[in-house]
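Colleague:
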Amino acid sequence: MFGPQVPSVPASAVPDDIYLLDVREDDEWTSGHAPAAHHLPMTELPARLAEVPDDREVAVICRSGGRSAQVVAYLLRNGWEQVCNVDGGMGDWAAAGRPVVTDDGQPGRVA
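Numbering (this note's numbering), first residue to last: 122 to 232.
What follows is the structure, given as structure tokens:
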């Protein structure tokens, strides 16, 4: 859908130690997210770009992979080199049996 210029990784293969950037909206995040994810809604990215590390691998995730692919393309255009899209987003993340939690650590759901 976004072509070969957007590197990607299957949700089941995202390393545990990667910087996982969740670009979904607040209500989606509140419903459930990966335990170690960092929340930065896509609409706030340009103003908060400095919060995204550029010295380590970053995997970007959303609900299904569309918004995160756009963010990966944006980061690549702005000098990031170690960034990839999580194929299938949080839907595939949950389907792969990876944990989904709420802010208080309770089981969450993908919304």
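Beta carbons: idealized from backbone N, C-alpha and C, even for Gly.
(1) Quick one: grab the DSSP three-state call for V127.
(2) With 16 as the cutoff for other CB atoms within 10 Å, does D224 come out buried or exposed?
(3) Do you know offhand how far R230's Cα is from P174's?
(4) Between which two residues does the beta strand (DSSP E) holding A180 run?
(5) What are the start and end residues of the beta strand (DSSP E) that includes L142?
(6) Quick one, which of A134, D137, S129, W150 has its alpha-carbon nearest R184's?
(7) In three-state terms, what does DSSP make of M122?
(8) Secondary structure at D208, three-state DSSP: helix, strand or coil?
(9) Rounded to the nearest angstrom, what separates G212 and Q227 at their Cα positions?
(10) Using the Cβ count rule (16 or more neighbours within 10 Å means buried), how would you classify R145?
(11) Helix, strand or coil for V222 per DSSP?
Modeller: Once the coordinates are examined:
(1) By one-based count along the sequence shown, residue 127 stands at place 6. Reduced to three states, the DSSP call for V127 is coil.
(2) The sequence position of residue 224 within the sequence shown is 103, counting from 1. Burial call: exposed.
(3) The sequence position of residue 230 within the sequence shown is 109, counting from 1. The sequence position of residue 174 within the sequence shown is 53, counting from 1. Computed Cα separation, rounded: 27 Å.
(4) Within the sequence shown, the letter at position 59 stands for residue 180. Start and end: 179-182.
(5) Looking up residue 142 in the sequence shown gives position 21. Taken as a continuous stretch (DSSP letters only), the beta strand (DSSP E) holding L142 covers 140-143.
(6) Sequence index remark: in the sequence shown, residue 184 carries index 63 (1-based). It is W150 whose Cα lies nearest to the Cα of R184.
(7) To locate residue 122, count along the sequence shown from 1; it is residue 1. Low per-residue confidence applies at M122: pLDDT is 46, beneath 50, and the placement is therefore not dependable, though the value from the model is reported in the following sentence. Coil, per DSSP.
(8) Sequence index remark: in the sequence shown, residue 208 carries index 87 (1-based). In the structure shown, D208 sits in a strand (DSSP, three-state: E or B).
(9) The residue labelled residue 212 in the question sits at position 91 within the sequence shown. The residue labelled residue 227 in the question sits at position 106 within the sequence shown. Computed Cα separation, rounded: 18 Å.
(10) Taking the sequence shown and counting its residues from 1, one reaches residue 145 at position 24. Flag for R145 reads buried.
(11) Reading the sequence shown from its first residue, position 101 is the one you call residue 222. Reduced to three states, the DSSP call for V222 is strand.
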